[in-house]
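Structure first, commentary second.
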Amino acid sequence: MTYEHLAALLHDRADLQDGEALRAFLACQHPADIAAFIGTREPGDAWRVLDCLSVPRQAEVFGYLDRDFQVRLAENVGRAKLACIVTEMNSDERADLFNELSEEQQAALLPALAQAEREDIRRMASYAEGTAGAVMTSDYATLTEELTVTQALEKLRREAPDKETINRAYVVDGERRLLGSVRLQDLILAPSRARVADIMDRNTLAIPVEEDREEAARRIARYDVVALPVVDAEGRLVGIITHDDALDVIEDEATEDFHHVGASRAVENLRDAGIFMLYRARIFWLVVLVFGNVFSGAGIAYFEDTIAAHVALVFFLPLLIDSGGNAGSQSATLMVRSLATGDVQLGDWGRMLGREVVVAALMGLTMALAVSLIGIVRAGPEVAVVVAASMVLIVIVGSVIGMTLPFVLTRFGLDPATASAPLITSIADASGVVIYFTIATAFLFPAV
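Take a look at the structure:
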């Protein structure tokens, strides 16, 4: 069933007065599909659908909703009802929701929660945004070394309903220091009297709680693990980051990079964003780049005599400077992705620079050959030579700029995605104007 079909069916049933029919229909739907539908409705209509679900099911649906819409729903429901849903949510999801609530909402919600949930929320919400601690969950299974396989399986059976995953349990000592981990598969296959210490993996990968969340996501992808344990400075286990959390991190980081590449600020939900929000998200860089483009105008003004003597040069100006910007944007896109995934390190700049110059020269020569034919037809062989030579040099310079800016920004601890396409294009444009008319002046002016 497609989402559009489901939405149509939900819309029909949401307008019915028969709550039993709606409940029966929703019971057969995935929480993600229900969330996708109610996320397009007003909070009152959304609660009408949610009220047809059990509290645990409501918590599941809540987990799939955008954070902004979760807050809107929280503002339109009583404290006791919200507390019941928050209690059933995964620990990382409820901590994220809690952080988005206003101080008044937080103060109202906490007293309605049980002591264990209050402490868990406070602890999870205390970690800095963007760290591994901010995206981890405390719903993990632990075992101790001395347990037998039978005892370990029984413990996991009792705890499974409250844990996000039991595919791998983490072995800790009396002070909760991480000693290793054991797969559920290994427990099932091991002799019943064997001890956990005999079958556990003592080389379990772990990540510090203050480490960047993007690095945690990279490690989960690199080592192909379902979850990654998170430890504090003393090596105590404080949480785990699951593969679905890692996917969310990768999606968030990719979205942020796309906004940077487009020289705009992040917009959480483009569909619901207001006009002024979209204006604020995009205007800053556009104004900055307007003033940056003044250098291109200044370059043209400086070479007025050359242009006046050979007006045909103007015909090729947009073609040349756009080629430099396009080449730079391509190069920057490749470098930003490689730096983000760890394929390229800062120390690789020299080797990458040499290769980029060769590749850019080959591209420039190919493009120069194509444009020189137009130059001969449009303005004669002399201008064609100028255009061809300029094309080669402009493409090389644009590519080098596009490749180098991400390295420079990374070196200074900034996001390499900030080397955005509009920024690179503006720099390449100014450089292209100077290169083009300098070559034209040197080659053509003596003939005037």
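Just so you know, we're using UniProt numbering here: the sequence shown kicks off at 1 and counts up by one.
Ideal Cβ placement from N, Cα and C applies to all residues, glycine included.
Fair warning: this is a prediction, and the values are worked out from it, not measured in the lab.
In this structure, L82 and W47 do not form a Cβ contact; the two beta carbons are roughly 11 Å apart against a cut-off of 8 Å. Shown here, T144 sits in coil according to DSSP, grouped into three states, outside any helix or strand. In the three-state scheme derived from DSSP, where H, G and I count as helix and E and B as strand, D348 is classed as helix. Cβ neighbours of E210 within its own chain (closer than 6 Å, five residues either side excluded): T131. In this chain, the alpha helix (DSSP H) harbouring G297 covers V294 to Y302. Here DSSP, grouped into helix, strand and coil, assigns R79 to helix. For R41, there is no enclosing beta strand (DSSP E), as DSSP gives it neither H nor E. The DSSP-derived three-state label of T204 is coil. Here A169 carries a strand assignment [DSSP, helix/strand/coil]. CA-CA distance, E214 to D96, rounds to 17 Å.
Taken atom to atom, the span from the alpha-carbon of L373 to that of F315 is near 14 Å.
The segment 61–130 is shown to contain whole alpha helix (DSSP H) runs of 4 or more residues at 67–75, 79–88, 91–100, 103–109 and 115–125, in chain order.
For I427, same chain residues with a beta-carbon under 7 Å away, outside a window of 5 residues either side, are I401 in chain order. Taking the Cα positions, D66 is about 11 Å away from T40.
Taking a contact to require three or more Cβ pairs closer than 8 Å, the segment 359–371 and the segment 435–444 do not qualify as touching.
Taking the CA atoms as reference points, W349 sits about 33 Å from I241. In the three-state DSSP reduction, L405 falls in the helix class (H, G or I). Secondary structure of S329 (DSSP, three-state): helix. Residue range V149 to E159 is occupied by the alpha helix (DSSP H) that includes A152, with no beta strand (DSSP E) assigned at that position. About 6 Å separates the CB atoms of V171 and V196; that is less than 8 Å, so the two are in contact.
Three or more pairs of CB atoms, one per stretch, sit closer than 8 Å, so the segment 227–238 contacts the segment 136–150.
Membership of R177 in any beta strand (DSSP E) is not indicated, and neither H nor E is assigned to it by DSSP.
Shown here, R236 sits in a strand according to DSSP, grouped into three states. E104 and K163 have their C-alpha atoms spaced approximately 30 Å apart. Per DSSP, the continuous beta strand (DSSP E) segment holding L228 begins and ends at A227 to V231.
Rounded to whole angstroms, the gap between the alpha carbons of M200 and G239 is 19 Å. For G133, the enclosing alpha helix (DSSP H) starts and ends at A132 to V135.
In its chain, beyond the 5 residues on either side, A46 and V49 have a beta carbon closer than 6 Å to the beta carbon of I38. In this structure, DSSP gives V311 a state outside helix and strand, which the three-state scheme calls coil. Distance from the Cα of I394 is smallest, within the candidate group M352, F443, L409 and D322, for D322. The beta carbon of F62 sits closer than 7 Å to those of Q70, I85 and M89, all from its chain and outside the five residues before and after it, given in chain order. Counting along the chain, R219 sits inside the alpha helix (DSSP H) bounded by residues R213 to Y223.
In the three-state reduction of the DSSP assignment, V377 falls in the helix class.
In the DSSP assignment, I241 forms a beta bridge with L228. The Cβ-Cβ distance between L339 and P406 falls below 8 Å.
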